[in-house]
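The next block holds one structure in the form of structure tokens; read it before the comments.
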Amino acid sequence: DEVIVHFNNLAGFFRKAHSLLHENGMMVNKELHFTHPKYSEMSRAMLVVHEIYGLTGNYRTLSEELGMVNEANFEVRRVQPIDLSNYLRTVKSWSTNMYDNREALIAAAGQDFYRHFRTYLKIVHQLFLGPAMTLDIVASRKLSDTPVE
């Protein structure tokens, strides 16, 4: 659930998952994807998002992910998009909760971190309003290791 974006070697992860699953085993991932590679350019806003996640925010396009899934010998069974309006509500709630509890949060984490995270939430809100991201569930089935004759 939205963890594969943090793998630098996603193709290696898919190969490892393939090695661990039984034949016909299923792998399901839910992740945010760029709609085009141009959105992966490291703008100032994307750098803030990347820093929040310890420099592991490796967002990709859905087509890149699907290519790696196929290369790891999985068969894509279903791709299900999820409406980002759910995330927009979540981000708005987080931002409101942070503001309502700012004194306690600043005392616990410091002014700089509080400000940085609020900035991150504002960027994410704008990002989800635009055309740059999709949220997708990808269900794939492990294919046999034995070549077809």
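Quick note: the sequence shown, position 141, residue 325 per our numbering, numbers continuous. Where is the CB? At the ideal position from N, CA and C, for every residue including glycine. As the structure is a computational prediction, the values presented were derived from the model and not from experiment.
For a quick check, are the C-beta atoms of residue i and residue j less than 9 Å apart?
{"i": "ASN242", "j": "VAL322", "result": "no"}
{"i": "PHE297", "j": "PHE258", "result": "no"}
{"i": "ALA195", "j": "MET252", "result": "yes"}
{"i": "PRO265", "j": "LEU319", "result": "yes"}
{"i": "TYR271", "j": "PHE312", "result": "yes"}
{"i": "LEU268", "j": "MET282", "result": "no"}
Please report how far the alpha carbon of residue i lies from the alpha carbon of residue j, in whole angstroms.
{"i": "PRO331", "j": "LYS214", "result": "With a pLDDT of 48 at PRO331, under the threshold of 50, the modelled position of this residue cannot be trusted; read the value that follows with caution. Straight-line Cα distance between these residues: approximately 29 Å."}
{"i": "ALA256", "j": "GLU287", "result": "48 Å"}
{"i": "GLU333", "j": "HIS220", "result": "Here GLU333 scores only 48 on pLDDT, less than 50, and its place in the model should not be relied on; the value that follows carries that caveat. Whole-angstrom Cα-Cα distance: 38 Å."}
{"i": "THR280", "j": "GLU207", "result": "47 Å"}
{"i": "VAL275", "j": "ASP329", "result": "43 Å"}
{"i": "LYS200", "j": "MET211", "result": "11 Å"}
{"i": "GLN310", "j": "ARG299", "result": "17 Å"}
{"i": "ILE307", "j": "MET230", "result": "8 Å"}
{"i": "TRP278", "j": "ASP284", "result": "10 Å"}
{"i": "PHE191", "j": "GLU235", "result": "15 Å"}
Tell me which residues share the same chain as residue i and place their Cβ nearer than 7 Å to its Cβ, disregarding the 5 neighbours each side in the sequence.
{"i": "PHE218", "result": "SER224, TYR243, ARG244, THR245, ALA316 and MET317"}
{"i": "ASN193", "result": "none"}
Kindly list the residues whose CB is nearer than 8 Å to the CB of residue i, restricted to its own chain and excluding five residues on each side of it in sequence; keep chain order.
{"i": "ASN254", "result": "VAL260"}
{"i": "LEU250", "result": "VAL260, VAL263 and VAL322"}
Could you name the residues of the same chain whose beta carbon sits closer than 6 Å to that of residue i, not counting the 5 residues immediately before and after it, in chain order?
{"i": "ASP185", "result": "LYS214"}
Just grab the DSSP bridge partners of residue i for me.
{"i": "SER324", "result": "MET211 and VAL260"}
{"i": "LEU345", "result": "There is simply no residue 345 to check, as the chain begins at 185 and stops at 333 in what is shown."}
Looking at the ligand NAP, does it come within less than 8 Å of residue i, judged from the CB to the closest heavy atom?
{"i": "TRP278", "result": "As presented, the structure is devoid of all ligands, the ligand NAP included, so that no description of it is given."}
(message) Please give the ranges of any alpha helix (DSSP H) in the region 207–279, keeping only runs that are unbroken, at least 4 residues long and fully inside the region.
(response) List check, alpha helix (DSSP H) in window: 228–236 and 246–255.
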